[in-house]
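full-length UniProt numbering puts the first residue of the sequence shown at 1, with every later residue one more than the last.
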Amino acid sequence: MIVAAAQFVPVPGDVPANVRTMAGLVRAAAARGARLVVFGELAVTGYELGLLAAGPRLWTAPGDARLAPVRRACRATATAAVVNCAAPADGGRPAVASLVFGPEGELLARYDKRHLHGAENDLFAAGPADGRFTLDGIRFALAVCYDNRFPEVAGRARADGCRVYLASSALDEGNDSFATVYPARARDNGLHVVLGNLVGPSTEAGVCAGGSAVWGPDGVRLATAGGDAPGLAVADVGTPSALARPAGAGGPSPSDPARRARTR
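The structure is reproduced here in structure tokens:
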């Protein structure tokens with residue numbers, strides 16, 4: 001299976017414009033053979049907590065008509081997409097949600113970010129459970145940004161039979177996650193890791209660094225979308241029979257817990 005990590009510069013608070021861009025990236029990824037595309041954290045609105053705190057106008061439920069262009073692009077290309085947004089949740093707060101739209105435009109899964117970071121705790125509701133779905137016989141895990149600082153998230157994915165770990169993030173320039181977190185999640189758990197990151201300025205996250213990428217189960221980076229421009233990282237993660245856990249896959253990196261408090 002070929003997967004793609006997509007990045008672009010979101011227009012703050014402009015859901016229709018961002019969704020149109022995402023639909024175009026789904027089509028571009030499909031043209032390169034991708035069966036699945038992963039976008040960055042809060043890509044539907046940009047990582048703009050102040051705008052999202054103003055009320056539910058910018059929140060998008062899975063059936064929101066404003067998401068229809070992405071769903072149509074999935075259906076037209078037989079491609080799945082992981083779309084991250086602020087979605088209504090129980091208790092009157094939104095969640096930072098990864099909505100997985102399948103190759104027919106259907107909702108395959110929803111995952112709400114479990115580990116909120118900083119000011120996110122004042123706005124969002126934390127999710128109650130891990131995110132999973134299966135496509136073409138391959139079991140996938142879902143995670144969002146700060147989730148990835150917790151080694152046990154990827155450890156549970158491995159134990160649950162997942163072979164590919166999909167991360168939607170909003171990482172700023174200089175963030176150490178590209179070197180110390182995502183390759184470690186791959187290497188320590190024998191997983192392919194696919195990171196979709198944002199590009200460009202964000203009021204709360206700073207200048208997001210791009211660098212969307214795919215790592216192999218040995219922690220080696222297989223593809224990158226580069227640093228500061230819209231684009232795609234495209235890589236083949238194999239077939240279900242080829243995605244057996246490598247011998248010697250270890251446990252979590254012992255250095256990771258110390259990094260949790262320092263950066264997203």
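Think of the CB as a built atom: it goes at the ideal place given N, C-alpha and C, for glycine as much as any other residue.
- Ala235 and Ala225 do not touch by the CB rule: their CB atoms are close to 11 Å apart, not below 8 Å.
- By DSSP's assignment, Pro94 forms a beta bridge with Pro88.
- Bounds of the beta strand (DSSP E) holding Asn197 are His192 to Asn197.
- For Thr77, the uninterrupted alpha helix (DSSP H) segment begins and ends at Ala68 to Thr77.
- One Cα belongs to Asp147, the other to Thr77, and the distance between them is close to 30 Å.
- Phe140 and Ala213 have their C-alpha atoms roughly 16 Å apart.
- DSSP places Val234 outside any alpha helix (DSSP H); the residue lies instead in the beta strand (DSSP E), whose first and last residues are Gly231 to Asp236.
- Burial is judged here by how many other beta carbons sit within 10 angstroms of a residue's own beta carbon; Asn175 has at least 16 and is buried.
- Contact between the segment 214-221 and the segment 18-36 is absent: fewer than three C-beta pairs spanning the two stretches fall below 8 Å.
- Boundaries for Asp136: no alpha helix (DSSP H) harbours it, and the DSSP string shows neither H nor E there.
- Put simply, the backbone Cα of Thr79 is about 11 Å away from that of Met1.
- According to the DSSP assignment, Arg32 belongs to no alpha helix (DSSP H), since it is labelled neither H nor E.
- Leu99 is a Cβ neighbour of Val83, given a cutoff of 8 Å.
- Rounded to whole angstroms, Asp112 and Tyr182 show a C-alpha spacing of 20 Å.
- At a Cβ-Cβ threshold of 8 Å, Val44 and Cys85 count as neighbours.
- The distance from the Cβ of Pro62 to that of Arg93 is about 17 Å, inconsistent with a contact at the 8 Å cut-off.
- Shown here for Gly137: same chain residues with a beta carbon closer than 6 Å to its own, the five before and five after excluded, namely Pro240 in chain order.
- Of all alpha-carbon atoms in Ala125, Thr134, Gly155 and Ala167, the one lying nearest the alpha-carbon of Asp90 is that of Ala125.
- Counting the other CB atoms within 10 Å of its CB gives Ala154 a total of 16 or more, which places it among the buried residues.
- Collapsing the DSSP output to three states places Pro240 in a helix.
- Nearest to Leu116 by alpha-carbon distance, out of Leu36, Ser169 and Asp228, is Ser169.
- If the five residues before and after Asp172 are omitted, its C-beta is found closer than 7 Å to the C-beta atoms of Ala205, Gly206, Val207, Cys208 and Ala209, all from its own chain and listed in chain order.
- Rounded to whole angstroms, Glu104 and Ala68 show a C-alpha spacing of 12 Å.
- In the DSSP secondary-structure assignment, Val38 is bridged to Ala5 and Val82.
- Between Gly102 and Arg114, the C-beta gap is not smaller than 8 Å, which leaves the two residues out of contact.
- Leu49: member of the alpha helix (DSSP H) spanning Leu49 to Ala53, first to last residue.
- Under the three-state reduction of DSSP output, Cys208 falls in the strand class.
- With a threshold of 16 other beta carbon atoms within 10 Å, Gly118 falls short and is exposed.
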